[in-house]
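Novice:
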(Lines of atoms letter the chains of each structure in order from A; the text may use other names.)
(Lines give C-alpha, C1' and ligand atoms only; values in the text may rest on other atoms or scores of the structure.)
Protein backbone atom coordinates (compact mmCIF):
# COMPACT_ATOMS: atom_id res chain seq x y z
CA UNK A 5 0.00 0.00 0.00
CA UNK A 6 2.90 2.32 0.76
CA UNK A 7 4.41 1.92 -2.69
CA UNK A 8 1.04 2.51 -4.32
CA UNK A 9 0.54 5.63 -2.23
CA UNK A 10 3.96 6.99 -3.14
CA UNK A 11 3.42 6.19 -6.80
CA UNK A 12 0.13 8.08 -6.75
CA UNK A 13 1.86 11.07 -5.19
CA UNK A 14 4.52 10.97 -7.89
CA UNK A 15 1.84 10.98 -10.59
CA UNK A 16 0.14 13.92 -8.87
CA UNK A 17 3.37 15.95 -8.53
CA UNK A 18 4.39 15.34 -12.15
CA UNK A 19 0.91 16.27 -13.32
CA UNK A 20 1.02 19.38 -11.16
CA UNK A 21 4.36 20.55 -12.60
CA UNK A 22 3.15 20.14 -16.18
CA UNK A 23 -0.20 21.79 -15.47
CA UNK A 24 1.59 24.85 -14.02
CA UNK A 25 3.59 25.65 -17.15
CA UNK A 26 0.65 24.62 -19.33
CA UNK A 27 -1.49 27.15 -17.47
CA UNK A 28 0.99 29.92 -18.31
CA UNK A 29 1.09 28.84 -21.97
CA UNK A 30 -2.68 28.52 -22.38
CA UNK A 31 -3.35 31.80 -20.55
CA UNK A 32 -0.88 33.67 -22.76
CA UNK A 33 -2.32 32.22 -25.98
CA UNK A 34 -5.85 32.85 -24.73
CA UNK A 35 -5.11 36.55 -24.24
CA UNK A 36 -3.26 37.02 -27.53
CA UNK A 37 -5.35 34.82 -29.85
CA UNK A 38 -8.82 34.52 -28.36
CA UNK A 39 -8.99 37.79 -26.43
CA UNK A 40 -9.52 36.00 -23.10
CA UNK A 41 -12.79 34.38 -24.18
CA UNK A 42 -11.68 30.77 -23.54
CA UNK A 43 -11.83 28.90 -20.25
CA UNK A 44 -8.28 27.91 -19.29
CA UNK A 45 -9.45 25.46 -16.63
CA UNK A 46 -11.76 23.74 -19.13
CA UNK A 47 -8.85 23.18 -21.52
CA UNK A 48 -6.52 21.95 -18.74
CA UNK A 49 -9.22 19.48 -17.71
CA UNK A 50 -8.11 17.40 -20.71
CA UNK A 51 -4.96 16.41 -18.81
CA UNK A 52 -6.57 14.33 -16.03
CA UNK A 53 -9.14 13.02 -18.49
CA UNK A 54 -6.37 11.80 -20.82
CA UNK A 55 -4.43 10.27 -17.93
CA UNK A 56 -7.44 8.49 -16.45
CA UNK A 57 -8.85 7.43 -19.81
CA UNK A 58 -5.59 5.88 -20.99
CA UNK A 59 -5.10 4.12 -17.67
CA UNK A 60 -8.59 2.66 -18.02
CA UNK A 61 -7.92 1.57 -21.60
CA UNK A 62 -4.72 -0.20 -20.55
CA UNK A 63 -6.59 -2.02 -17.79
CA UNK A 64 -9.17 -3.22 -20.31
CA UNK A 65 -6.36 -5.17 -22.06
CA UNK A 66 -7.25 -4.12 -25.57
CA UNK A 67 -5.59 -6.07 -28.42
CA UNK A 68 -2.42 -4.13 -29.19
CA UNK A 69 -1.09 -0.70 -28.27
CA UNK A 70 -2.32 0.73 -31.58
CA UNK A 71 -5.93 0.02 -30.58
CA UNK A 72 -5.42 1.93 -27.33
CA UNK A 73 -3.99 4.92 -29.21
CA UNK A 74 -6.80 4.94 -31.77
CA UNK A 75 -9.53 4.81 -29.11
CA UNK A 76 -7.70 7.43 -27.04
CA UNK A 77 -7.46 9.93 -29.90
CA UNK A 78 -11.06 9.31 -30.85
CA UNK A 79 -11.98 10.29 -27.30
CA UNK A 80 -9.89 13.46 -27.71
CA UNK A 81 -11.63 14.34 -30.98
CA UNK A 82 -15.08 14.03 -29.39
CA UNK A 83 -14.09 16.06 -26.32
CA UNK A 84 -12.36 18.73 -28.46
CA UNK A 85 -15.49 19.21 -30.59
CA UNK A 86 -17.59 19.44 -27.45
CA UNK A 87 -15.21 22.06 -26.03
CA UNK A 88 -15.42 24.15 -29.21
CA UNK A 89 -19.21 23.96 -29.08
CA UNK A 90 -19.47 24.90 -25.39
CA UNK A 91 -16.83 27.65 -25.26
CA UNK A 92 -17.30 29.33 -28.65
CA UNK A 93 -20.83 28.47 -29.79
CA UNK A 94 -22.75 28.30 -26.56
CA UNK A 95 -25.90 29.82 -28.07
CA UNK A 96 -26.06 27.38 -30.99
CA UNK A 97 -27.85 24.06 -30.70
CA UNK A 98 -26.03 20.75 -30.65
CA UNK A 99 -27.62 19.62 -33.89
CA UNK A 100 -26.82 22.82 -35.79
CA UNK A 101 -24.02 22.61 -38.34
CA UNK A 102 -22.73 26.19 -38.08
CA UNK A 103 -20.20 25.43 -35.34
CA UNK A 104 -19.00 22.30 -37.14
CA UNK A 105 -18.56 24.15 -40.45
CA UNK A 106 -16.38 26.79 -38.74
CA UNK A 107 -13.60 24.27 -38.00
CA UNK A 108 -12.33 23.45 -41.56
CA UNK A 109 -11.84 27.15 -42.54
CA UNK A 110 -9.95 27.71 -39.29
CA UNK A 111 -7.56 24.85 -40.11
CA UNK A 112 -7.14 25.94 -43.74
CA UNK A 113 -6.29 29.52 -42.75
CA UNK A 114 -3.75 28.65 -40.06
CA UNK A 115 -0.90 30.27 -42.00
CA UNK A 116 -2.63 33.68 -42.06
CA UNK A 117 -4.54 33.76 -38.77
CA UNK A 118 -4.71 31.59 -35.67
CA UNK A 119 -8.39 31.36 -34.81
CA UNK A 120 -9.81 30.32 -31.41
CA UNK A 121 -11.16 27.08 -32.94
CA UNK A 122 -7.68 26.10 -34.11
CA UNK A 123 -6.22 27.14 -30.76
CA UNK A 124 -8.55 24.77 -28.91
CA UNK A 125 -7.66 21.89 -31.24
CA UNK A 126 -3.90 22.41 -30.96
CA UNK A 127 -3.75 23.05 -27.21
CA UNK A 128 -6.11 20.23 -26.28
CA UNK A 129 -4.13 17.85 -28.52
CA UNK A 130 -0.92 18.87 -26.70
CA UNK A 131 -2.52 18.48 -23.28
CA UNK A 132 -4.06 15.14 -24.26
CA UNK A 133 -0.69 13.85 -25.51
CA UNK A 134 1.00 14.87 -22.26
CA UNK A 135 -1.64 13.03 -20.23
CA UNK A 136 -1.31 9.99 -22.50
CA UNK A 137 2.46 10.11 -22.12
CA UNK A 138 2.29 10.34 -18.33
CA UNK A 139 0.00 7.29 -18.11
CA UNK A 140 2.70 5.10 -19.67
CA UNK A 141 5.83 6.64 -18.14
CA UNK A 142 7.95 5.09 -15.43
CA UNK A 143 8.38 7.70 -12.71
CA UNK A 144 11.72 7.91 -10.91
CA UNK A 145 14.11 10.60 -9.69
CA UNK A 146 15.57 11.24 -13.15
CA UNK A 147 12.09 11.71 -14.64
CA UNK A 148 11.07 14.12 -11.84
CA UNK A 149 14.27 16.15 -12.29
CA UNK A 150 13.74 16.27 -16.06
CA UNK A 151 10.16 17.51 -15.64
CA UNK A 152 11.41 20.18 -13.22
CA UNK A 153 14.11 21.42 -15.58
CA UNK A 154 11.85 21.50 -18.63
CA UNK A 155 8.96 23.09 -16.71
CA UNK A 156 11.22 25.77 -15.21
CA UNK A 157 12.51 26.74 -18.67
CA UNK A 158 8.95 26.86 -20.03
CA UNK A 159 7.77 29.06 -17.15
CA UNK A 160 10.65 31.49 -17.64
CA UNK A 161 9.92 31.68 -21.37
CA UNK A 162 6.20 32.27 -20.81
CA UNK A 163 6.83 34.98 -18.18
CA UNK A 164 9.39 36.71 -20.42
CA UNK A 165 7.11 36.63 -23.48
CA UNK A 166 4.19 37.92 -21.43
CA UNK A 167 6.28 40.85 -20.14
CA UNK A 168 7.53 41.69 -23.65
CA UNK A 169 4.00 41.60 -25.10
CA UNK A 170 2.64 43.50 -22.08
CA UNK A 171 0.09 40.78 -21.36
CA UNK A 172 -1.18 40.60 -17.80
CA UNK A 173 -1.52 36.99 -16.66
CA UNK A 174 -3.47 36.29 -13.49
CA UNK A 175 -2.13 34.17 -10.62
CA UNK A 176 1.50 34.09 -11.81
CA UNK A 177 3.00 34.03 -8.32
CA UNK A 178 0.70 31.23 -7.05
CA UNK A 179 1.45 29.22 -10.22
CA UNK A 180 5.22 29.60 -9.73
CA UNK A 181 4.98 28.66 -6.04
CA UNK A 182 2.79 25.65 -6.83
CA UNK A 183 5.29 24.55 -9.48
CA UNK A 184 8.18 24.54 -7.00
CA UNK A 185 5.98 22.83 -4.41
CA UNK A 186 5.19 19.95 -6.79
CA UNK A 187 8.81 19.79 -7.98
CA UNK A 188 10.32 19.58 -4.50
CA UNK A 189 7.78 17.01 -3.34
CA UNK A 190 8.17 14.84 -6.44
CA UNK A 191 11.98 14.83 -6.47
CA UNK A 192 12.17 14.18 -2.71
CA UNK A 193 9.74 11.25 -2.76
CA UNK A 194 11.27 9.71 -5.91
CA UNK A 195 14.79 10.04 -4.49
CA UNK A 196 13.72 8.47 -1.19
CA UNK A 197 12.02 5.56 -3.01
CA UNK A 198 15.24 4.65 -4.79
CA UNK A 199 17.04 4.25 -1.46
CA UNK A 200 20.27 5.85 -2.65
CA UNK A 201 20.15 9.15 -0.78
CA UNK A 202 20.98 10.09 2.79
CA UNK A 203 17.23 9.90 3.54
CA UNK A 204 17.46 6.11 3.38
CA UNK A 205 19.93 6.04 6.28
CA UNK A 206 19.54 7.13 9.88
CA UNK A 207 17.31 10.07 8.97
CA UNK A 208 14.74 7.95 7.15
CA UNK A 209 12.12 8.38 9.87
CA UNK A 210 12.28 12.19 9.70
CA UNK A 211 12.37 12.69 5.94
CA UNK A 212 8.80 13.93 5.81
CA UNK A 213 9.52 16.61 8.40
CA UNK A 214 12.61 17.75 6.51
CA UNK A 215 10.66 17.77 3.26
CA UNK A 216 7.85 19.89 4.66
CA UNK A 217 10.34 22.24 6.33
CA UNK A 218 12.27 22.72 3.07
CA UNK A 219 9.09 23.31 1.08
CA UNK A 220 7.83 25.79 3.65
CA UNK A 221 11.12 27.69 3.58
CA UNK A 222 11.08 27.93 -0.21
CA UNK A 223 7.46 29.08 -0.24
CA UNK A 224 8.16 31.69 2.43
CA UNK A 225 11.14 33.04 0.52
CA UNK A 226 9.06 33.08 -2.65
CA UNK A 227 6.34 35.11 -0.97
CA UNK A 228 8.89 37.55 0.43
CA UNK A 229 10.47 38.04 -2.99
CA UNK A 230 7.02 38.41 -4.53
CA UNK A 231 6.14 41.22 -2.11
CA UNK A 232 9.52 42.95 -2.31
CA UNK A 233 10.06 42.82 -6.07
CA UNK A 234 7.21 45.06 -7.19
CA UNK A 235 6.68 46.81 -10.54
CA UNK A 236 7.70 50.08 -8.90
CA UNK A 237 11.02 48.61 -7.82
CA UNK A 238 11.63 47.21 -11.30
CA UNK A 239 10.79 50.62 -12.80
CA UNK A 240 13.37 52.27 -10.51
CA UNK A 241 15.99 49.75 -11.63
CA UNK A 242 15.12 50.38 -15.30
CA UNK A 243 15.31 54.16 -14.80
CA UNK A 244 18.75 53.78 -13.22
CA UNK A 245 19.93 51.69 -16.16
CA UNK A 246 18.55 54.25 -18.64
CA UNK A 247 20.32 57.09 -16.77
CA UNK A 248 23.58 55.13 -16.84
CA UNK A 249 23.21 54.49 -20.57
CA UNK A 250 22.51 58.19 -21.25
CA UNK A 251 25.63 59.07 -19.27
CA UNK A 252 27.73 56.68 -21.35
CA UNK A 253 26.31 58.15 -24.59
CA UNK A 254 27.13 61.70 -23.43
CA UNK A 255 30.69 60.74 -22.51
CA UNK A 256 31.19 59.11 -25.93
CA UNK A 257 29.74 62.17 -27.66
CA UNK A 258 32.08 64.45 -25.66
CA UNK A 259 35.12 62.35 -26.63
CA UNK A 260 34.04 62.38 -30.29
CA UNK A 261 33.71 66.20 -30.17
CA UNK A 262 37.38 66.57 -29.22
CA UNK A 263 38.48 65.41 -32.68
CA UNK A 264 38.40 67.97 -35.54
CA UNK A 265 35.69 67.53 -38.10
CA UNK A 266 36.50 66.95 -41.78
CA UNK A 267 34.49 69.95 -42.94
CA UNK A 268 30.91 70.78 -43.57
CA UNK A 269 28.52 68.37 -45.08
CA UNK A 270 28.61 68.43 -48.92
CA UNK A 271 25.68 69.95 -50.66
CA UNK A 272 23.38 67.52 -52.37
CA UNK A 273 22.91 67.99 -56.13
CA UNK A 274 19.61 69.36 -57.27
CA UNK A 275 17.08 66.89 -58.44
CA UNK A 276 17.04 66.20 -62.15
CA UNK A 277 13.95 67.38 -64.04
CA UNK A 278 11.44 64.70 -64.69
CA UNK A 279 10.71 64.38 -68.41
CA UNK A 280 7.13 64.72 -69.40
CA UNK A 281 5.45 61.71 -70.84
CA UNK A 282 3.07 58.94 -70.16
CA UNK A 283 3.27 56.64 -67.21
CA UNK A 284 6.13 54.13 -67.40
CA UNK A 285 5.22 50.67 -68.40
CA UNK A 286 5.01 48.26 -65.54
CA UNK A 287 7.51 45.46 -65.64
CA UNK A 288 5.97 42.23 -64.47
CA UNK A 289 8.65 40.21 -62.75
CA UNK A 290 8.26 36.63 -61.59
CA UNK A 291 5.99 36.43 -58.56
CA UNK A 292 6.18 33.64 -56.03
CA UNK A 293 3.11 31.39 -55.94
CA UNK A 294 1.01 31.64 -52.82
CA UNK A 295 1.44 27.94 -52.05
CA UNK A 296 5.23 28.21 -52.14
CA UNK A 297 5.10 31.35 -50.01
CA UNK A 298 3.01 29.55 -47.37
CA UNK A 299 5.41 26.60 -47.38
CA UNK A 300 8.38 28.92 -46.94
CA UNK A 301 6.66 30.62 -44.02
CA UNK A 302 6.21 27.26 -42.29
CA UNK A 303 9.85 26.31 -42.98
CA UNK A 304 11.01 29.66 -41.61
CA UNK A 305 9.01 29.16 -38.41
CA UNK A 306 10.44 25.67 -37.97
CA UNK A 307 14.02 26.91 -38.50
CA UNK A 308 13.60 29.80 -36.05
CA UNK A 309 12.03 27.48 -33.46
CA UNK A 310 14.95 25.07 -33.90
CA UNK A 311 17.48 27.83 -33.31
CA UNK A 312 15.60 28.96 -30.20
CA UNK A 313 15.53 25.42 -28.79
CA UNK A 314 19.25 24.95 -29.45
CA UNK A 315 20.02 28.27 -27.79
CA UNK A 316 17.94 27.37 -24.73
CA UNK A 317 19.63 23.99 -24.48
CA UNK A 318 23.08 25.58 -24.70
CA UNK A 319 22.29 28.20 -22.06
CA UNK A 320 20.77 25.66 -19.66
CA UNK A 321 23.68 23.22 -20.14
CA UNK A 322 26.24 25.97 -19.47
CA UNK A 323 24.39 27.04 -16.33
CA UNK A 324 24.27 23.44 -15.07
CA UNK A 325 27.97 22.96 -15.82
CA UNK A 326 28.79 26.12 -13.92
CA UNK A 327 26.72 24.96 -10.95
CA UNK A 328 28.38 21.54 -11.06
CA UNK A 329 31.85 23.13 -10.98
CA UNK A 330 30.88 25.40 -8.10
CA UNK A 331 29.48 22.48 -6.11
CA UNK A 332 32.50 20.29 -6.90
CA UNK A 333 34.84 23.00 -5.57
CA UNK A 334 33.01 23.13 -2.22
CA UNK A 335 34.68 20.98 0.41
CA UNK A 336 32.55 18.17 1.83
CA UNK A 337 29.70 18.59 -0.65
CA UNK A 338 28.28 15.90 -2.88
CA UNK A 339 26.34 16.02 -6.10
CA UNK A 340 24.74 13.41 -8.28
CA UNK A 341 24.72 13.49 -12.10
CA UNK A 342 21.24 13.47 -13.56
CA UNK A 343 21.40 10.95 -16.35
CA UNK A 344 19.27 12.08 -19.20
CA UNK A 345 17.48 15.13 -17.84
CA UNK A 346 16.70 18.00 -20.19
CA UNK A 347 19.33 17.20 -22.82
CA UNK A 348 18.24 13.58 -23.13
CA UNK A 349 14.56 14.56 -23.37
CA UNK A 350 15.33 17.12 -26.09
CA UNK A 351 17.46 14.67 -28.07
CA UNK A 352 14.81 11.97 -27.66
CA UNK A 353 12.15 14.34 -28.99
CA UNK A 354 14.30 15.34 -31.98
CA UNK A 355 15.11 11.69 -32.74
CA UNK A 356 11.42 10.80 -32.63
CA UNK A 357 10.58 13.63 -35.05
CA UNK A 358 13.39 12.61 -37.42
CA UNK A 359 12.30 8.97 -37.22
CA UNK A 360 8.72 9.86 -38.15
CA UNK A 361 9.89 12.04 -41.03
CA UNK A 362 12.23 9.31 -42.28
CA UNK A 363 9.38 6.78 -42.20
CA UNK A 364 7.22 9.10 -44.32
CA UNK A 365 10.11 9.64 -46.73
CA UNK A 366 10.79 5.91 -47.02
CA UNK A 367 7.13 5.20 -47.76
CA UNK A 368 7.10 7.89 -50.44
CA UNK A 369 10.40 6.67 -51.88
CA UNK A 370 9.25 3.06 -51.83
CA UNK A 371 6.07 3.94 -53.70
CA UNK A 372 8.09 5.93 -56.22
CA UNK A 373 10.50 3.07 -56.77
CA UNK A 374 7.65 0.62 -57.20
CA UNK A 375 6.09 2.73 -59.87
CA UNK A 376 9.39 2.87 -61.84
CA UNK A 377 10.04 -0.91 -61.86
CA UNK A 378 9.42 -3.08 -64.86
CA UNK A 379 6.53 -5.55 -64.52
CA UNK A 380 8.87 -8.53 -64.97
CA UNK A 381 11.26 -7.33 -62.26
CA UNK A 382 8.36 -6.59 -59.92
CA UNK A 383 7.04 -10.13 -60.45
CA UNK A 384 10.42 -11.64 -59.48
CA UNK A 385 10.62 -9.51 -56.34
CA UNK A 386 7.05 -10.38 -55.41
CA UNK A 387 7.77 -14.13 -55.69
CA UNK A 388 10.84 -13.70 -53.49
CA UNK A 389 8.73 -11.84 -50.92
CA UNK A 390 6.35 -14.80 -50.93
CA UNK A 391 9.32 -17.06 -50.22
CA UNK A 392 10.40 -14.86 -47.30
CA UNK A 393 6.89 -14.86 -45.81
CA UNK A 394 6.65 -18.65 -46.20
CA UNK A 395 9.98 -19.23 -44.45
CA UNK A 396 9.17 -16.70 -41.71
CA UNK A 397 5.82 -18.40 -41.03
CA UNK A 398 7.71 -21.70 -40.71
CA UNK A 399 9.90 -20.18 -37.99
CA UNK A 400 12.95 -19.19 -40.02
CA UNK A 401 12.80 -15.43 -40.70
CA UNK A 402 15.58 -13.64 -42.56
CA UNK A 403 17.86 -11.56 -40.38
CA UNK A 404 18.73 -7.99 -41.30
CA UNK A 405 22.44 -8.78 -41.62
CA UNK A 406 21.93 -11.80 -43.93
CA UNK A 407 22.43 -11.56 -47.69
CA UNK A 408 20.05 -13.51 -49.95
CA UNK A 409 22.63 -16.28 -50.49
CA UNK A 410 23.47 -16.50 -46.77
CA UNK A 411 19.78 -16.83 -46.04
CA UNK A 412 19.51 -19.55 -48.70
CA UNK A 413 22.42 -21.39 -47.06
CA UNK A 414 20.54 -21.26 -43.73
CA UNK A 415 17.30 -22.52 -45.31
CA UNK A 416 19.11 -25.38 -47.02
CA UNK A 417 19.90 -26.91 -43.64
CA UNK A 418 16.25 -27.03 -42.56
CA UNK A 419 14.42 -27.44 -45.88
CA UNK A 420 16.83 -29.41 -48.14
CA UNK A 421 14.03 -30.94 -50.24
CA UNK A 422 13.20 -27.47 -51.67
CA UNK A 423 16.80 -26.40 -52.27
CA UNK A 424 16.63 -26.45 -56.08
CA UNK A 425 13.49 -24.29 -56.24
CA UNK A 426 14.68 -21.91 -53.51
CA UNK A 427 18.07 -21.58 -55.21
CA UNK A 428 16.46 -20.76 -58.54
CA UNK A 429 14.17 -18.12 -57.01
CA UNK A 430 17.04 -16.57 -55.03
CA UNK A 431 19.37 -16.45 -58.01
CA UNK A 432 16.76 -14.82 -60.25
CA UNK A 433 15.89 -12.33 -57.48
CA UNK A 434 19.54 -11.27 -57.03
CA UNK A 435 19.96 -10.89 -60.79
CA UNK A 436 16.83 -8.75 -61.09
CA UNK A 437 17.28 -6.79 -57.86
CA UNK A 438 20.99 -5.97 -57.94
CA UNK A 439 21.77 -6.51 -61.65
CA UNK A 440 20.29 -5.45 -64.94
CA UNK A 441 18.81 -8.82 -65.85
CA UNK A 442 15.17 -8.85 -66.96
CA UNK A 443 13.55 -12.31 -66.98
CA UNK A 444 11.69 -13.52 -70.04
CA UNK A 445 8.39 -15.37 -70.24
CA UNK A 446 9.88 -18.85 -69.77
CA UNK A 447 11.85 -17.80 -66.68
CA UNK A 448 8.80 -16.15 -65.15
CA UNK A 449 6.79 -19.30 -65.81
CA UNK A 450 9.50 -21.43 -64.19
CA UNK A 451 9.63 -19.07 -61.18
CA UNK A 452 5.89 -19.41 -60.66
CA UNK A 453 6.12 -23.21 -60.90
CA UNK A 454 8.98 -23.27 -58.37
CA UNK A 455 7.02 -21.14 -55.93
CA UNK A 456 3.90 -23.29 -56.48
CA UNK A 457 5.86 -26.46 -55.61
CA UNK A 458 7.28 -24.84 -52.45
CA UNK A 459 3.86 -23.58 -51.42
CA UNK A 460 2.20 -26.98 -51.96
CA UNK A 461 5.06 -28.82 -50.25
CA UNK A 462 6.06 -30.78 -53.34
CA UNK A 463 9.80 -31.19 -53.81
CA UNK A 464 11.48 -31.92 -57.10
CA UNK A 465 13.11 -35.00 -55.64
CA UNK A 466 16.02 -35.72 -53.33
CA UNK A 467 18.74 -33.10 -53.73
CA UNK A 468 22.34 -33.36 -52.60
CA UNK A 469 22.65 -30.38 -50.32
CA UNK A 470 26.35 -29.80 -50.74
CA UNK A 471 26.11 -29.94 -54.53
CA UNK A 472 23.16 -27.55 -54.51
CA UNK A 473 24.97 -25.00 -52.33
CA UNK A 474 28.08 -25.23 -54.49
CA UNK A 475 25.99 -24.64 -57.60
CA UNK A 476 24.30 -21.61 -56.04
CA UNK A 477 27.54 -19.94 -54.96
CA UNK A 478 29.13 -20.70 -58.31
CA UNK A 479 26.20 -18.84 -59.89
CA UNK A 480 26.74 -15.97 -57.44
CA UNK A 481 30.41 -15.64 -58.41
CA UNK A 482 29.62 -15.80 -62.10
CA UNK A 483 26.93 -13.13 -61.83
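Numbering (the numbering used here), first residue to last: 5 to 483.
Ideal placement from N, C-alpha and C gives every residue a C-beta, glycine not left out.
Given the structure is predicted, the values throughout are model-derived calculations rather than measurements.
So what's residue 424 in DSSP terms, helix, strand or just coil?
Specialist: It is helical.
Novice: Look at residue 44 and residue 34 and say whether their C-beta atoms are less than 8 Å apart.
Specialist: In contact: residue 44 and residue 34 (Cβ atoms closer than 8 Å).
Novice: Rounded C-beta distance between residue 380 and residue 451? I'm assuming under 8 Å.
Specialist: With 8 Å as the limit, residue 380 and residue 451 do not qualify as a contact, their Cβ atoms being about 10 Å apart.
Novice: Which residue wins for smallest C-alpha separation from residue 431, given the options 405, 387 and 420?
Specialist: It is 387 whose Cα lies nearest to the Cα of residue 431.
Novice: For residue 428, which residues of its own chain have a beta-carbon under 8 Å away from its beta-carbon, when the five flanking residues on both sides are left out?
Specialist: So the qualifying residues of the chain are 450, 451 and 454.
Novice: Excluding the five sequence neighbours on either side, which residues of its own chain have a C-beta within less than 8 Å of the C-beta of residue 182, listed in chain order?
Specialist: Taken in chain order, the residues that qualify are 20 and 24.
Novice: Indicate whether residue 136 and residue 54 have their beta-carbon atoms separated by less than 8 Å.
Specialist: Yes, the pair counts as a contact, with Cβ atoms nearer than the cut-off.
Novice: Mind the definition here: the region 185-196 touches the region 10-20 only if three or more C-beta pairs lie below 8 Å; say whether that holds.
Specialist: The region 185-196, when compared against the region 10-20, does touch it at the 8 Å Cβ threshold.
Novice: Report the residue ranges of all beta strand (DSSP E) runs contained in full by the region 75-160; include only those spanning at least 3 residues, in chain order.
Specialist: Counting whole runs of 3 or more residues, the region 75-160 contains no beta strand (DSSP E) stretch at all.
Novice: Let me make sure I understand the geometry here. Which of 354, 357, 177 and 407 has the alpha-carbon closest to that of residue 232?
Specialist: Considering only alpha carbons, the answer is 177.
Novice: Applying the criterion that 16 or more other CB atoms from any shown protein chain within 10 Å of the CB defines a buried residue, is residue 301 buried or exposed?
Specialist: Exposed: under 16 other Cβ atoms inside 10 Å.
Novice: Comparing alpha-carbon positions, which option in 236, 237, 180 and 193 lies nearest residue 224?
Specialist: When each option's Cα is compared against that of residue 224, the closest is 180.
Novice: Is the beta carbon of residue 62 closer than 8 Å to that of residue 128?
Specialist: No, these two residues do not count as a Cβ contact at 8 Å.
Novice: With DSSP as the reference, label residue 363 as helix, strand or coil.
Specialist: Residue state, collapsed to three classes: helix.
Novice: What do you reckon, are the CB atoms on residue 103 and residue 93 nearer than 8 Å?
Specialist: Their beta carbons are under 8 Å apart, which means residue 103 touches residue 93 by this criterion.
Novice: In this structure, does DSSP put residue 171 in helix, strand or coil?
Specialist: Correct three-state label for residue 171: coil.
Novice: What does the alpha-carbon distance come out to for the pair residue 299 and residue 166?
Specialist: Those two C-alpha atoms are separated by around 28 Å.
Novice: For residue 52, I'd like the list of residues in its chain whose CB is within less than 8 Å of its CB, leaving aside the five on either flank, ordered along the chain.
Specialist: So the qualifying residues of the chain are 19 and 135.
Novice: Since residue 254 is in the alpha helix (DSSP H), which residue starts that stretch and which ends it?
Specialist: Per DSSP, residue 254 belongs to the alpha helix (DSSP H) from 235-261.
Novice: Please classify residue 13: does DSSP put it in a helix, a strand, or coil?
Specialist: Correct three-state label for residue 13: helix.
Novice: Measuring only the C-alpha atoms, how far is residue 313 from residue 29?
Specialist: Taking the straight line from one Cα to the other gives about 16 Å.
Novice: For residue 26, count neighbouring C-beta atoms within 10 Å of its own C-beta (all shown protein chains included) and say buried if the count is 16 or more, exposed if not.
Specialist: Buried, since its Cβ has 16 or more Cβ neighbours within 10 Å.
Novice: Identify, in the order they occur along the chain, each residue of the same chain with its Cβ nearer than 8 Å to the Cβ of residue 31, setting aside the five sequence neighbours on each side.
Specialist: These residues qualify, in order along the chain: 44, 173 and 174.
Novice: Of the choices 306, 227, 141 and 168, whose alpha-carbon is the least far from that of residue 36?
Specialist: Answer by Cα proximity: 168.
Novice: Measure from the alpha carbon of residue 42 to the alpha carbon of each residue in 85, 74 and 124, then state which is nearest.
Specialist: Out of 85, 74 and 124, 124 has the C-alpha closest to the C-alpha of residue 42.
Novice: Suppose you measure from the CA of residue 307 to the CA of residue 359; what does that come to, to the nearest Å?
Specialist: Their Cα atoms are separated by approximately 18 Å.
Novice: Return the chain-ordered list of same chain residues with a C-beta closer than 6 Å to the C-beta of residue 66, the five sequence neighbours on each side being excluded.
Specialist: So the list reads 72, once near-sequence residues are dropped.
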